[in-house]
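Colleague: Could you have a look at this structure, given as structure tokens, before my questions?
Residue numbers (our numbering), protein chains in the order written: chain S, 1 to 103; chain H, 104 to 563.
Have a look at this one:
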């Protein structure tokens, strides 16, 4: 039986990391979930490219950060913040696809 | 610095002009801080504010926040350092913020010495550096060109702690800096006094967002940082909030691409060996942050250039047949507009933002077939002149309003407008043109000028 990520995570967010990158944070509820997701590599580059429907090469960085029980995924912004065609200047509302992750 | 003497830094608010409760600020003052620092800017609100030379924060509230800081700082002999004046830190932003301080000084009859540090970099210096191979783009940023530099309206560099230290050494009570590496306004004075650069900058990195890093977080409340020889302590200044290991560590992730290595002018903060410890009473102690200088002292340039003018029209539709076919309909409308002006590149000039479908995520929206029972459509025209943008917006609006799409049964009009006039001139539009590292090749780019106030008047 698959479980939704919200059983394991308490914060899921997106934000610009400068005007040319977009970064996603998943903070887990506790060390156990963090270790489980990390050791089983439930979050990985290939899987995140699928979740976000982007090329794997556009995933710039995926870092596990133990002090916050968190994993951070940084991607190339489709366009620089505020360029023609922009929909989200701050990049703060691009996280919704992550809410559907299952484990 | 002797033994383990504390250096306390009061950060009143996440961004100057966001406000803070007076009670929190006074609680911070009661802790007898050695420095009051505030970060006044960000690139988050987009390229317009830098490009146009305007502040994204409100003047009345910037003045309100600064009045507390400058009055209490000057009266108590506590240095006040403001970074990224006016939101973007270019010459007009710096002058905008300086004028506010001049008014406060006069109204409060204050006597103090102010150091003003401009962070603008001349286009000639940047073009010379480009020709000499001293400009490199940051991740995902296109290579710079001379044309891009020429088209840039305001070009700034993020200054580090060094120019601020020089102003403080000259006895400035208030330092007002242009574009500034966010932590620098908090770290300059303690580093000058001999505290660890890694700890001071990491503390600044957290304090620049004030109580956002506490829990519950707030961008409009104060935080206190207590720097010691081998650690720093974070403390909230409202009984409503506290710092936890998690809130402090979580903040270290915020808006960064790599939480272990935080680059800045001249080097980066390495957090590989960093620890967060809960020491009770809503306080967290942080240890192990190390500053690692880079072989060359590089600075980050930021610039924005104008790309045209924008007009928008806001409308809605509640028709289920139109909603079902919305993508096809908008495509056909765009096609009709292209045929009316074949010389124009309408793909780069006309955008439909369809809220209720994919207005927020655009091309990244994974749900392809979802629609609401009603949609908001924002028609956006982006053209070389305001007149052209107005024209395109108007024609796109009227075409969509009366477009006879396939299967239409509501033939009186396709759009509901909440406003008359329906079209809004948005003015000039900018995009980021420079987000590059520059090697100044040893040239000293940033200096301060001093202004002295006596009983509120500037001494000539």
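Cβ coordinates follow ideal geometry from the N, Cα and C atoms, glycine included.
Predicted, not measured: the structure shown is a model, and the values here were computed from it.
1. Under 8 Å, do residue 307 of chain H and residue 286 of chain H count as touching if we go by C-beta distance?
2. In chain order, what are the residue ranges of uninterrupted beta strand (DSSP E) at least 3 long that sit wholly in the region 39-103 of chain S?
3. Could you name the residues of chain H that residue 93 of chain S contacts, counting a contact when the two beta carbons are closer than 7 Å?
4. Using Cβ-Cβ distances below 8 Å, what residues of the region 18-39 of chain S are close to chain H?
5. Helix, strand or coil for residue 328 of chain H per DSSP?
6. Identify every residue that forms a DSSP beta bridge with residue 526 of chain H.
7. Does the beta-carbon of residue 406 of chain H, which I'm using as the reference point, lie nearer than 7 Å to any heavy atom of the ligand NAD?
8. Report, in whole angstroms, the separation of the C-beta atoms of residue 138 of chain H and residue 184 of chain H, which I expect to be a contact under 8 Å.
9. Counting only beta-carbon separations shorter than 8 Å, does residue 4 of chain S have a partner in chain H?
10. From residue 238 of chain H to residue 264 of chain H, what does the alpha carbon distance come to, in whole angstroms?
11. Starting from residue 334 of chain H, trace the alpha helix (DSSP H) both ways and give me its first and last residue.
12. For a contact meaning CB atoms closer than 7 Å, what does residue 88 of chain S contact in chain H?
13. Would you say residue 46 of chain S reaches chain H, if we count a Cβ-Cβ gap shorter than 8 Å as a contact?
14. Could you tell me the boundaries of the alpha helix (DSSP H) in which residue 497 of chain H lies?
15. How about residue 419 of chain H and residue 478 of chain H: do their beta carbons lie closer than 8 Å?
16. Pull out every residue of the region 159-177 of chain H whose Cβ sits closer than 8 Å to any Cβ of chain S, in chain order.
17. Helix or strand or just coil, what does DSSP make of residue 386 of chain H?
18. What is the DSSP secondary structure of residue 366 of chain H, reduced to helix, strand or coil?
19. Pick helix, strand or coil for residue 305 of chain H, following the three-state DSSP scheme.
20. For chain S, check one thing: does any of its Cβ atoms lie closer than 8 Å to the Cβ of residue 313 of chain H?
21. Please list, in chain order, all residues of the same chain as residue 168 of chain H whose beta carbon is under 8 Å from its beta carbon, the five residues on each side excluded.
22. Between the alpha carbons of residue 379 of chain H and residue 66 of chain S, how many angstroms are there, rounded?
Modeller: Considering the structure as presented:
1. yes
2. 59-65 and 70-76
3. 463
4. 18, 19, 20, 21, 23, 25 and 27
5. strand
6. H/416
7. Questions concerning the ligand NAD fall outside what the structure shown contains, since it holds no ligand whatsoever.
8. 7 Å
9. no
10. 21 Å
11. Per DSSP, residue 334 of chain H belongs to no alpha helix (DSSP H); it is in the beta strand (DSSP E), 334-339.
12. 463
13. no
14. 489-504
15. yes
16. none
17. strand
18. strand
19. helix
20. no
21. 115, 116, 119, 120, 121, 122, 123 and 141
22. 11 Å
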